[in-house]
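In what follows, a structure is listed as structure tokens, so that the remarks can point back to it.
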Amino acid sequence: MAANDRGATDIAIVGFAQSQSVRDAAPSEVQLLVPVVADAITAAGIERSDIGFTCAGSCDYLTGGPFAFVSNLEAAGAWPPISESHVEADGAWAMYEAWMRLQEGDIDVALAFGSGKSSPSNPAEVWAQQLDPYYLAPLGVDPVSLAGIQAQALIDAGKATERDFATVVADSRRNAKSNPNAQLSGDYDVDALLAEPYYRRPLRKHDVPPISDAAVAVIMARGDKARELCERPAWIRGMDHRIEAHQPGLRDITSSASTTLAARKAGYDGGPLDVVELSSTFSPQEIILKNAIGLGAGVNVNPSGGPLAANPIMAVGLIRIVEAASRIIDGTANRALAHATSGPLLQQNLVCLLEGE
Amino acid sequence: MNERCAIVGVGQTHFKKRRDDVSIAGLLREAIDRALADAELTLRDIDAVVIGKAPDAFEGIVMPEIFLADAVGATNKPLLRVHTAGSVGGSTLVVGAHHVITGIHGTVLTVAWEKQSEGNAQWGLAGGRSGGIGAGGAFAPWMRAYIQQSGAPDYIGWMVAVKDRRNAAKNPYAHLKMPDITLEKVKESPMLWDPIRFHESCPSSDGACAAIVTNEEGAKRAPRPPAWIHGLSVRSELGQFPGRNPVRPQAGVECAHDVYRQAGITDPRSQIDMAELYVPFSWYEPMWLEGHDIAGPGEGWKMVDTGETDLGGAFPVNPSGGVLSTNAIGASGMVRFAEAAQQVRGLAGEHQVDGVRTALAQAYGGAAQYFAMGVLRNTPPE
Amino acid sequence: MRTSHERGIAEVTITVESTIKFPYKRSLGPVIGPFMTALAEQRFIAIRSGSRVICPPLEWDPETAAELPRDFVDVGPAGTVCTWSWVSRPTEQHPLDRPFAFALIKLDGADTALTHVVDVESIDQMSTGMRVAPRWRAERLGHITDVEAFVPGEEAITVNGGVPGEPVTMMSYDASITYKIPVSDNTIKAHEATAQGRLVGLKCPVCERIYARDRGFCPIDTVELTDDHEVELPQRGVVTSYTIITPVQYPGQTETEPFSRVMVLIDEIDVVMMYQPLVDVPVEDVRIGMRVAVVWASEAEKADAGRPGNLVGWMPTGEPDNTDPSLANRIM
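Protein chains in written order, with this note's numbering: chain A, 1 to 357; chain B, 1 to 382; chain C, 1 to 332.
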């Protein structure tokens, strides 16, 4: 890559760390973050003082304190003071802001992290309160019911079957066997999965992600600094995110127009990908996202197991990017695409395109 | 190459205790539509939207920008939500500007808001539990420490309150307008969080503020004078550790020095023509004058005492009436930037300071640990 | 280069449960308000956006964000189920207490679907494309739940009476989320120490700053703090700053009388305890430099389960005030 390329193509992931995802972590959110941030810094071979900008992603409502995110500053090492910001969003959007900030060219290294503990509360209660406060939240609509609505629409449109959903789950659990940070893994037979009872018809319990606690951190560096820090940096070729109208009744929930747009804007041209990590929170969403991005049948999707194997909300999207980057850095992949999502039924989507040299 | 960047449209709602006449989206659109009208743009011209607000518990909606996305014109666009406590309005503008400075997007809508009447901010600040000491209770011992250290007389706090409330009377968007307020009335108002009296405290408001940030090309097309961004900075520090000095937080010192350096300012008191500082309690005016090295140690209160920070003074602070007169928490930081922009654009109306070429905007949040600052001018950076 | 954080994460053993509740009041504005008013009148209205009819109505077009003229049209009451999902085990947050379906329902005359519930006896009665009509609630408030549920068929089930006479402009929303927050080992140790009448802290082995006993780590050096770092603190100190708080009333607030909170610099070591209560000190007597000592709960007080902790507060020692002017610099 030419040194005079525009800044956007000149930034790479050079180090990262994530915690295990567990159902019910004893450490607080910041206590999960502290070792993860420290490990990412070690992995990148930098000192804290090398970091020119930090961005954090989290959600106050997960732990219930109106300023819960402030504690996470303790993991960022905010003394002496640091240049720092916070998004009320998954760590993937924190990374987007830090990636953007790096492009100004006055700093060389940035840290982004995401953290969340879903275990202290009931996600059905919390996420009902993310919906339209007049028309939806008072109905107590929970994310799993919404996902069921989406799954049924997909079946009705002839785009997928319950067997397809079960196949996604079996693949996820099998892939997760090699992921030490995953919660759910193992060998499952599709027919056996289909014999399980419905949870929110047409979804079964295994079509729904586990409740997870985890944290993830990533270090990015610019140009020569990236090459100096990492033998094989994961270059960020493009990153973009797009949102759609909120109400499920206003959009085609069997597709994801904003994912298609974000992938195009991130520079994905339909070419071959060695690895794809998707925030397919519910099994039908993997089918929707593959179609939206235009992935063929043979693509290696969610080798980590994806969100069905571990779903630490507010970290899960950035974990997708880290899982994709890790395979570039270790040389097993050369071109990767990672995806994060926010809002009900894939309302908002982020795509990050990564490449080796 | 970094792009030059300017604010070309500013819009505020009328701030009130309750804005029961609008939905939440309606509140945001009131500010957004005014900003678009100011810039003579439509939402089609906007490439990305950045939204800021303080804790979601204030309105009881988790990540409310998700349900607001289509109403604020973000459909098929990037939408980013910033949350840095009370400084968030300032941080939101800074993040919006980064989209433009890097050339990722040409024109970005930033909007910050709070509709505190949907819930109860005191409840929110107390984490929904009894015995909350509130922001006033948390900051009061620090203000007392400032008073002790600086030897400032009691009436300095009252003077700030009188000045800001009278300034607000000239600002059509301000919440509290008290043209007839006197030192006596402030002094006799109930003590809420000793040493802070009722009239020395900010109200709880509903409102929103929007600002349109664009590149040089956009600024050239703008129908009204742009406010050029000459410096932007954010700093954060730990809120609590033994030996921390929250009266003069180091993050505030460094944030100020960073924007001064970017803007080529070596003597802020003489080179800056006016400032909009985040002053939710009267004593924070002298505290920030010193905390950002505009005044020397123990000198900030003297700038108040001599009338230097008055609308007609040598260094006017908060001609808009400030946070003391209007506080929709999430919006307040952006209002500082918006008001500073209007001053350099010469569009501040009745509270315009004569001949402003360089303005300072500042927002802070948390335990005086988050800072977002900017320097705006009426001419582009060289 | 690649690291995966492989330290095991301990699972939770002890938690404290708290339910955060709040009665939010929402103003509806010029479009949602009329829709809710129509619900109270057992009608559905939609709004036109060009050739499209949007229900529930929005103030702005969802694609272009253009403001929509207030051109309302009546739609429904019957409609068609576009898609659905079966809730076999409803919870308290759901509008029905028996198995039901959430569904997207396109009301007759509308081009977009409303999200609501369908009440049928069994899942066998549910199908995409089925026709449904509203069963209205007898007591209607102008709220989305004024439709108790949709039921199979073409005919709305209407009820007389119970209608607010005025246009609906506000709605209430009672939020409630229950949290189970883990209690850390350090928190338990902190409680144990106060139960024994000991004031203890944790000293960072790197910077030697002393933190509260329940802190998990030194945030400056990011060193984990454990039992090994416990230090005994003197139980006397001096007030360095204070405030007198007049309680603001809000839901859940039980304080009514003015109360003081003081910063106490502990004797001999460099620790400030922030926002501490004083015991039996009239608020007008609170001052910087006042010498104070810890007050522990009596046995009777300890037995009172409703009490927050064993450290009740601080009481004057009667010693002469500390007049060092630099005290005011020590508030943390």
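Beta carbons are placed, not taken as given, at the ideal position from N, Cα and C, and that holds for glycine. The structure displayed is predicted, hence computed values, not measured ones.
- In this structure, residue 95/B sits away from residue 84/A, with a CB-CB distance that is not shorter than 8 Å.
- Shown here, residue 230/B sits in a strand according to DSSP, grouped into three states.
- Approximately 14 Å separates the beta-carbon atoms of residue 153/C and residue 107/C; this is outside 8 Å, ruling out the contact.
- Taking a 10 Å sphere around the C-beta of residue 171/C, we find 16 or more other C-beta atoms and assign the residue as buried.
- Secondary structure at residue 86/A: strand, using DSSP grouped into helix, strand and coil.
- When DSSP states are grouped into helix, strand and coil, residue 241/A belongs to the strand group.
- Assigned with DSSP and collapsed to three states, residue 27/C falls in strand.
- Taking a contact as a CB-CB distance under 8 Å, the pair residue 11/C and residue 92/A does not count as one, their CB atoms being some 27 Å apart.
- The continuous stretches of alpha helix (DSSP H) do not include residue 74/C, which lies in the beta strand (DSSP E) extending over residues 72-75.
- Residue 121/B sits away from residue 366/B, with the two beta carbons spaced by 8 Å or more.
- Assignment of beta-bridge partners to residue 65/B by DSSP yields no partner.
- In this structure residue 133/C does not touch residue 110/C by the C-beta definition: roughly 14 Å separates them, more than the 8 Å allowed.
- In the DSSP secondary-structure assignment, residue 134/C is bridged to 150/C.
- Look at the region 84-104 of chain B: the residues with a C-beta under 7 Å from a C-beta of chain A are 84, 85, 91, 95, 98, 99, 101, 102, 104.
- Secondary structure at residue 271/C: coil, using DSSP grouped into helix, strand and coil.
- If you compare the alpha carbons of 191/A, 146/A, 356/A with that of residue 284/A, the shortest gap goes to 146/A.
- Under the three-state reduction of DSSP, residue 186/C is assigned to helix.
- Annotated as distal: residue 154/A and residue 238/A, with beta-carbon spacing of 8 Å or more.
- Taken atom to atom, the span from the alpha-carbon of residue 224/A to that of residue 233/A is near 11 Å.
- Annotation: the continuous alpha helix (DSSP H) that includes residue 325/A extends over 316-329.
- Inside the region 302-382 of chain B, DSSP marks whole alpha helix (DSSP H) runs of 4 or more residues at positions 322-325, 329-345, from first to last along the chain.
- The three-state secondary structure of residue 297/A, taken from DSSP, is coil.
- Under the three-state reduction of DSSP, residue 77/B is assigned to coil, being neither helix nor strand.
- Beta-bridge partners of residue 215/B (DSSP): 5/B.
- Contact between the region 268-285 of chain A and the region 333-352 of chain A is present, with at least three C-beta pairs closer than 8 Å.
- With respect to the 8 Å criterion, residue 211/B and residue 10/B are classified as neighbours on the basis of their beta carbons.
- Residue contact check for residue 140/B against chain C: a CB pair falls below 8 Å.
- According to the DSSP assignment, residue 15/B belongs to no beta strand (DSSP E), since it is labelled neither H nor E.
- A Cβ-Cβ distance of about 26 Å is found for the pair residue 258/B and residue 355/B, leaving them out of contact under the 8 Å criterion.
- For residue 257/B, the enclosing alpha helix (DSSP H) begins and ends at 250-263.
- No Cβ of chain A is located within less than 8 Å of the beta carbon of residue 22/B.
- Beta-carbon to beta-carbon, residue 314/A and residue 115/A are separated by about 6 Å, close enough to satisfy the 8 Å threshold.
- If the five residues before and after residue 357/B are omitted, its C-beta is found closer than 8 Å to the C-beta atoms of 273, 344, 377, 378, 379, all from its own chain and listed in chain order.
- The bridge partners DSSP lists for residue 220/A are 13/A, 110/A.
- DSSP, reduced to helix, strand and coil, places residue 167/B within a helical segment of the structure shown.
- Judged by pairs of C-beta atoms under 8 Å, the region 261-274 of chain C touches the region 232-244 of chain B, as three or more such pairs exist.
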